[in-house]
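Everything on this sheet refers to the single structure shown next.
Residue numbers (the numbering used here), protein chains in the order written: chain E, 4 to 118; chain Y, 1329 to 1441.
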C-alpha cells in the first residue's frame, strides 16, 4: 500500500490558462474520487469513477472541468480557461468497492493558485 | 440527501484536558459516519468509522466517537489531549451506493501547553 499519489503538489497559473492534475490511486482500489477544498471549508465532492466509468459529477463541476480515468488506473483532472475562483486544494481519494462503508484514502492534494 | 454540521470551527484545550468535537448529521437513509484528521499541507487521514456494528467506535491515537441516532450526533472525544493532536478534524457522512462522503466544514483543534 503505497498510498494515493497526486502531482503536482503546487501549481501556479495565470487566469485563462489550462491546467491538468494527475492522481494515482492505491492499486487495488477501483473507486476514485475528486474533491475540492477551499480555506475554512471541508472537501466538496466533484466527481467519482468506478474503474474507468465516471458515474457521478457534481453540479460544482462546470463545463470547464473534465476528468478521465483511462483503463481504470490513474486519473486526470483538467481545468480549462482557469479563473481566480478555481484557486483551491484539489484532493484525490480512492476506496475499495465495499458499499458505502469503505473509508476514503486521500492523497496530499494539488494546491492550485490562479493569478 | 445527506449533510454534516460541525459545531465550533475552533476548539482550544490545554494539554491533558478532554477533547470534545461535535458533529451532527442528516441522512435520509441509515448513514455511515467517519472522522478524518488533516495536518497542514497534507491530505485527510481516517481516524475512525461507524458502520452500524457498534455505537461506540474506537479509533487511532486514543480517539473515540459515539453514534447517537436519537440525537443524530457522532461526537469525537479523547480523554487527554496531546500537543500532537493539534490539527483540523472533519466529520463525514456516507449513504447511498456511490460511497462518496459529504464533509462538514471542519474543526481546528489547538492544544495549549
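Don't be surprised by glycine CBs; every beta carbon is placed ideally from N, CA and C. Bear in mind the structure is a predicted one, so any value in this text is a computation, not a measurement.
Have a look at residue i and residue j and give me their C-alpha separation to the nearest angstrom.
i              : j              : result
residue 1333/Y : residue 1436/Y : 14 angstroms
residue 31/E   : residue 110/E  : 15 angstroms
residue 1414/Y : residue 10/E   : 27 angstroms
residue 104/E  : residue 1363/Y : 13 angstroms
residue 1438/Y : residue 1366/Y : 13 angstroms
residue 33/E   : residue 1408/Y : 38 angstroms
residue 108/E  : residue 1360/Y : 16 angstroms
residue 1352/Y : residue 1346/Y : 19 angstroms
residue 27/E   : residue 90/E   : 22 angstroms
residue 1379/Y : residue 1395/Y : 10 angstroms
residue 1385/Y : residue 47/E   : 25 angstroms
residue 22/E   : residue 76/E   : 20 angstroms
residue 65/E   : residue 88/E   : 12 angstroms
residue 1350/Y : residue 94/E   : 24 angstroms
residue 1405/Y : residue 1358/Y : 22 angstroms
residue 116/E  : residue 40/E   : 13 angstroms
residue 1383/Y : residue 85/E   : 45 angstroms
residue 1399/Y : residue 1354/Y : 10 angstroms
residue 1440/Y : residue 1342/Y : 5 angstroms
residue 1393/Y : residue 1401/Y : 9 angstroms
Would you say residue i reaches chain E, if we count a Cβ-Cβ gap shorter than 8 angstroms as a contact?
i              : result
residue 1396/Y : no
residue 1353/Y : no
residue 1440/Y : no
residue 1349/Y : no
residue 1386/Y : no
residue 1435/Y : no
residue 1312/Y : In this structure chain Y extends from 1329 to 1441, so residue 1312/Y is not present and cannot be described.
residue 1362/Y : yes
residue 1336/Y : no
residue 1346/Y : no
Run through the DSSP bridge pairs and tell me what residue i is partnered with.
i              : result
residue 1362/Y : 1377/Y and 1420/Y
residue 14/E   : 115/E
residue 109/E  : 96/E
residue 8/E    : 27/E
residue 71/E   : 79/E
Using a beta-carbon distance below 8 angstroms, is residue i in contact with chain Y?
i             : result
residue 120/E : This structure gives no information on residue 120/E, because the portion of chain E shown stretches from 4 to 118.
residue 34/E  : yes
residue 77/E  : no
residue 24/E  : no
residue 30/E  : no
residue 110/E : yes
residue 11/E  : no
residue 93/E  : no
residue 64/E  : no
residue 107/E : yes
residue 98/E  : yes
Taking the continuous beta strand (DSSP E) assigned at residue i, which residues delimit it?
i              : result
residue 93/E   : 91-98
residue 1440/Y : 1435-1440
residue 1430/Y : 1429-1431
residue 1332/Y : 1330-1335
residue 1352/Y : 1347-1355
residue 25/E   : 22-27
residue 81/E   : 78-82
residue 1342/Y : 1338-1342
> What runs of the alpha helix (DSSP H), each 4 residues or longer, lie entirely inside the stretch 1386-1415 of chain Y?
Replying inline: none
>> Just to confirm the assignment: which complete beta strand (DSSP E) runs, minimum length 3, are found wholly within the stretch 29-69 of chain E?
In response: 34-40, 47-53 and 56-60
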